[in-house]
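Inspection log for the structure reproduced underneath, given as C-alpha cells.
Residue numbers (this note's numbering): 17 to 144.
Here's what the structure looks like:
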C-alpha cells in the first residue's frame, strides 16, 4: 500500500458487526476491494501483515474468524498446482444489518497513513 493510499473503517463495522480493532482493519481492507460487489481481495498474507502491522498468525486467525462469522466469503482458486484465496465481504450480512440499523454505512472513520507531527508544527487549539 502506497503512503497516499488508505482504507476506511466504517462505523457499521464497529457498531453493527461488533468487530474488534484488528478484525476491523482486516475487514476494512477486504471490504474496500469488494465494495463494488463484483471484485474481491486476492492479495497475499504479506500484504495484510505489512499494512496492518499484525503478525502472520494473527492475520490468519482473523481471516478464519471472519469466515466463521460469515462476515467474509473465502473462495479457493487453483491456477495449475498453485492455490490462492480470494476474499470478499458478505453483502447478505451487510444488507440485513443495514435494514435493522438505519445509520448503518452512513458514517465512517478514515484510517490512513498520516505524516507525523513535530513540536515545531503544532495545531493552534487555543481559539477553539
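By construction, the Cβ of each residue, glycine as well, lies at the ideal position given by its N, Cα and C atoms.
- Taking the C-beta atoms as reference points, residue 24 is found nearer than 9 angstroms to residue 48.
- Spatial neighbours of residue 63 in its own chain (CB-CB distance under 7 angstroms, excluding positions within 5 residues in sequence) are not present.
- Residue 61 counts as exposed, since fewer than 16 other C-beta atoms from the protein chains shown sit within 10 angstroms of its C-beta.
- It is roughly 12 angstroms from the alpha-carbon of residue 93 to the alpha-carbon of residue 56.
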